[in-house]
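Working notes, structure below.
In the numbering used here, the protein residues as written are 5 to 176.
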């Protein structure tokens with residue numbers, strides 16, 4: 005079974021596209037962050053506060069290693085692709101789609117989000133620098149880059165579905 009991984013910076017639309025893609029392709033959708041929250045029984049800010057970011061990153065890695073083997077869509081956390089082991093795992097077990105959103109678009113979506121610990125503890129400039137640093141990891145990990153600027157959720161979802169179906173017919 006193959007998975008479809010959605011990667012990209014926080015606020016790039018991974019969850020929104022994942023839910024829509026699941027509906028369009030009629031396959032299950034999982035949000036990695038929500039799965040970790042369920043497993044830990046606490047919110048992401050609580051996990052960060054109690055155990056720290058390295059612990060959270062380890063939980064992401066464990067999720068990738070142990071999550072059920074089924075045809076499904078998984079929206080990943082924004083930092084997942086930075087870990088080379090995670091990148092290798094995703095590329096080996098599925099199709100990796102990078103939702104490439106611009107930083108100004110991302111900033112509009114995330115700057116007031118209290119559920120994003122990194123946003124709460126960073127300035128706009130620091131987040132922009134983090135975005136720039138992570139972007140090369142997203143590009144290196146992905147099989148396909150999907151630019152989101154100027155496109156509706158529907159257009160992005162339909163393009164992602166087209167790519168999945170195209171590659172699925174080639175026995176990806």
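Quick reminder that beta carbons are idealized off the backbone N, C-alpha and C, glycines included. The model shown is predicted, which means the values in this text are computed figures rather than measured ones.
**Asked** By Cβ distance, which residues of its chain are closer than 7 Å to residue 149, with the 5 residues on each side in sequence left out?
**Response** Within the same chain, 102, 104, 143 come within 7 Å of residue 149 by CB-CB distance, once the 5 residues on both sides are set aside.
**Asked** If we ignore side chains and look at the alpha-carbon of each, how far apart do residue 11 and residue 90 end up?
**Response** Roughly 11 Å separates the two Cα atoms.
**Item:** From 68, 72, 38, 107, residue whose alpha carbon lies closest to that of residue 88
**Value:** Considering only alpha carbons, the answer is 68.
**Message:** Less than 7 Å between the C-beta atoms of residue 34 and residue 78, yes or no?
**Reply:** In this structure, the beta-carbon distance from residue 34 to residue 78 falls below 7 Å.
**Asked** How should residue 25 be labelled, buried or exposed, when 16 other C-beta atoms within 10 angstroms of its C-beta is the threshold for buried?
**Response** Residue 25 is buried by the Cβ-count criterion.
**Asked** Which of the three DSSP states, helix, strand or coil, is assigned to residue 117?
**Response** In the three-state DSSP reduction, residue 117 falls in the coil class, being neither helix nor strand.
**Message:** Let me confirm a value: residue 164 is counted as buried when at least 16 other C-beta atoms fall within 10 Å, else exposed. Which label applies?
**Reply:** Residue environment analysis places residue 164 among the buried positions, since at least 16 neighbouring C-beta atoms fall within 10 angstroms of its C-beta.
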